[in-house]
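Number of protein chains: 2
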Amino acid sequence: MSKNAREEAVLGAVRERREKVNAAIDEELPSKRPERLYEASRYLLKAGGKRLRPAVLLLTAEALGDVPPGSTDYREFPDLTGESIDVMSAAVSIEVIQSFTLIHDDIMDDDDLRRGVPAVHREYDTETAILAGDTLYSKAFEIMLRTGAPPERGMGAMQTLAETCTHICEGQALDVEFETRSDVVPEEYMEMVELKTAVLYAAAASIPAVLLGADDETVEALYNYGVKAGQAFQIHDDILDLTVPSEQLGKQRGSDLVENKKTVVTLHASGQGVDVEGLLDADDPEHVTDDEIEQAVSVLEDAGSIEYARGLADDLVAEAKAHLDVVPDNEAHRRLEQVADYLVERGY
Amino acid sequence: MSKNAREEAVLGAVRERREKVNAAIDEELPSKRPERLYEASRYLLKAGGKRLRPAVLLLTAEALGDVPPGSTDYREFPDLTGESIDVMSAAVSIEVIQSFTLIHDDIMDDDDLRRGVPAVHREYDTETAILAGDTLYSKAFEIMLRTGAPPERGMGAMQTLAETCTHICEGQALDVEFETRSDVVPEEYMEMVELKTAVLYAAAASIPAVLLGADDETVEALYNYGVKAGQAFQIHDDILDLTVPSEQLGKQRGSDLVENKKTVVTLHASGQGVDVEGLLDADDPEHVTDDEIEQAVSVLEDAGSIEYARGLADDLVAEAKAHLDVVPDNEAHRRLEQVADYLVERGY
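Line order of the protein sequences matches chains G and C. Residue 23 in the numbering used here is what sits at position 23 of the first sequence, and the numbering runs on without skipping anything. Count along the second sequence starting at 1, add 348, and that's the number in the numbering used here.
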């Protein structure tokens, strides 16, 4: 299948699920008193988002259940013994966690824009944004408790969710630590990316296996699919931050360079002798121009660093797809392969 | 029993459990990589705290199990059918949630001191404090998953924990909302206090009932014990904020007045015609002197507002104790009654 045809298939699959996911978000997280708190909590979820992680979760359920994609009610999804499970609430829970982390990350990074709209701490204020994130955090756990799965599996899903959240915090802490360290090695970066970003894809891919009653080997393989695909996603994100105009990104281009974030691109460039910290005018990194970003990116391109990162992301996608071997060969399985491809082919 | 004898009995009971709770906190939340994150997460827990909520949880388990206080290993506590439950991990989980809320509250209120040491966002920085709170949040859920209770009861405990956290956020949002509203009525204040403060006592008192396999009526009565005792605790806290010197409080005396927080005291005074917002020099509330606080408190005393709040707290304690009727009449039961008394008698 060509890249374009594949992208169309993936976007179609994501789009088909997005409307259902958005409706379910409204059901699981209704606006209520205190209104301002719930408005702020729902603000970013309402602002858009592809719903990639819920799509991965729902597709994984369909692949495991061996049902044609889109054929089966996600609220009454048959487990491997035919009992009914609400996998949609698990999908919403994962998206709610994603939204909580974005709200708190934007405070910590002092980012102004997200999904093309003001970050929550800009639209409201920092106090409200902290509290909105905290509210989504516990709501995600409440929502994950509503799958109707047998309690033992429900506990398994809660365990994965809680550990995932801890890992995300650890990854974010490492990301911040790396900003002030000059001796970060690629292995540390990959560990940071696994913790900060990839574990949420791993949760999305493995939790349906837990809920539907799959064996441990299947759960683990799907977890690893998510880890590898998620790492590839983050590396591609790092590339997009450098190469895509701000309007299209929905946030400032080159923000990672401005904030001195370590990425696979900058680590590779440093290894090639590029003075990465000197790429932007150190006196005034906040008011960097598009031209300065453009020039910095040229240097990284000349060092082969962007190409290197692309190759690494491609390798991770191949690894991710190999882990899907535990899943029956069906249409949803192929969609999950295409999702992994899409994660490193998407334009924004 | 005299007030002094009762206080001694309660403090003894709390103290006996505190060391075990502190050891368990170290076990459940060890220092690990990223070190700075876990240091910041443990900082406030290490700074002290009476461990009242864990004491309530452990005493409730002992009252329900009808065992002499302190006689039984909390890590292998017999449930109502004799199976072994780790109620200590539940106690740690509740204290970890308490610590997370204090860290984020201090950022939101921009408070400098907590437990006589700098608040986490002062000792570290705001970013680290947000992330430390987020880490404790998921850790509390991880720890609550370690009770070894049958999965159905474990799910019940997780449900209570998640809903409790949501309520705390809602209560905090109402508290902030009230700062800018002049039409807050006492019923709203009591609801806010239930959400912000009391539900964590309710979780502490009801979760052992869930874990040990008590019936719904018992769970609900213990929950209500916690709600009423927790509301009384908060009202007494509001009184202490006005009447106890800063050194003893571990934070600035009169901070609620400075921040224009609504309390039962100020709501009563407003009802008596006192211009509460005019009590402190509005131009410079940040640099208020001890004398100014002293004068403001005199006005509130003259209006009978502090006495009114004391009476309300006493009534709530009586209600709380009445809910304990579902629990066998034993030594731990009496300690739980004394704890409720202590919550409104403590000097700080």
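Positions of the beta carbon are idealized from the N, C-alpha and C atoms, including for glycine.
Within the segment 383-446 of chain C, complete alpha helix (DSSP H) segments of at least 4 residues are found at 383-394 and 400-413, given in chain order. For Ala562 of chain C, no chain G residue has a Cβ inside 7 Å of its Cβ, as the nearest lies near 17 Å away. Residue range Ser305 to His323 is occupied by the alpha helix (DSSP H) that includes Tyr308 of chain G. Within the same chain, Cβ atoms closer than 7 Å to the Cβ of Pro69 of chain G are found at Ala13, Leu59, Glu62, Glu331, Ala332 and Arg335, the five residues on either side in sequence being excluded. Taking Ala119 of chain G as reference, the option from G:Asp66, G:Met88, G:Asp238 and G:Lys251 with the minimal CA-CA separation is G:Lys251.
Taking C-beta separations shorter than 7 Å and ignoring five residues to either side along the sequence, the partners of Gly213 of chain G in its chain run Asp79, Leu80, Thr81 and Arg153, following chain order. It is roughly 38 Å from the alpha-carbon of Val415 of chain C to the alpha-carbon of Asp134 of chain G. Contact between Tyr537 of chain C and Leu664 of chain C fails: their C-beta atoms lie close to 13 Å from each other, not under 8 Å.
Secondary structure within the segment 475-544 of chain C: the alpha helix (DSSP H) runs of 4 or more consecutive residues, fully enclosed, are 499-527 and 534-541 (chain order).
DSSP lists G:Pro118 as the beta-bridge partner residues of Leu113 of chain G.
By the criterion of at least three beta-carbon pairs nearer than 8 Å, the segment 159-179 of chain G is not in contact with the segment 117-132 of chain G. Around the beta carbon of Met349 of chain C, fewer than 16 other beta carbons sit within 10 angstroms, so the residue counts as exposed.
For the pair Arg75 of chain G and Arg51 of chain G, the CB atoms are not nearer than the 8 Å cut-off. With its beta carbon less than 8 Å from one in chain G, His452 of chain C belongs to the interface. When the beta-carbon positions are compared, Gln98 of chain G and Arg42 of chain G stay at least 8 Å from each other. Put simply, the backbone Cα of Ile442 of chain C is about 42 Å away from that of Tyr342 of chain G. For Glu28 of chain G, the uninterrupted alpha helix (DSSP H) run begins and ends at Lys3 to Glu28, by DSSP. When only Cα atoms are considered, Pro186 of chain G and Lys3 of chain G end up about 29 Å apart.
Residue contact check for Gly154 of chain G against chain C: a CB pair falls below 8 Å. For Val10 of chain G, same chain residues with a beta-carbon under 8 Å away, outside a window of 5 residues either side, are Arg335, Gln338, Val339, Asp341 and Tyr342 in chain order. Counting along the chain, Gly574 of chain C sits inside the alpha helix (DSSP H) bounded by residues Asp564 to Thr591.
For Gln252 of chain G, there is no enclosing alpha helix (DSSP H), as DSSP gives it neither H nor E. Across the set G:Ser298, G:Ile25 and G:Asp302, the C-alpha of G:Ile25 shows the shortest separation from the C-alpha of Ile143 of chain G.
By the Cβ-count criterion, Pro676 of chain C is exposed, with fewer than 16 other Cβ atoms from all chains shown falling within 10 Å of its own Cβ. Using a Cβ-Cβ cut-off of 8 Å, Leu211 of chain G does not count as an interface residue toward chain C, since no Cβ of chain C sits closer than that to its own. Not one beta carbon of chain G lies nearer than 8 Å to the beta carbon of Arg463 of chain C.
For Gln582 of chain C, the closest C-alpha among the options C:Asn608, C:Glu542 and C:Thr637 is that of C:Glu542. Under the three-state reduction of DSSP, Val636 of chain C is assigned to coil, being neither helix nor strand.
The beta carbons of Arg601 of chain C and Ile641 of chain C sit closer together than 8 Å. For Val532 of chain C, the CB contacts under 8 Å within the same chain, skipping 5 residues up- and downstream, are Phe526, Lys610 and Leu615 in chain order.
Of all residues in the segment 428-451 of chain C, none comes within less than 7 Å of chain G when Cβ atoms are compared. For Ile293 of chain G, no Cβ of chain C is located within less than 8 Å of the residue's own Cβ. A straight line joining the alpha-carbon of Ala657 of chain C with that of Asn608 of chain C spans about 17 Å. Using a Cβ distance threshold of 8 Å, Ile555 of chain C and Ala488 of chain C do not count as a contacting pair. Among the residues facing chain G, Glu424 of chain C is not included, as its CB has no counterpart in that chain under 8 Å away. The Cβ atoms of Val647 of chain C and Leu660 of chain C do not sit closer than 8 Å to each other.
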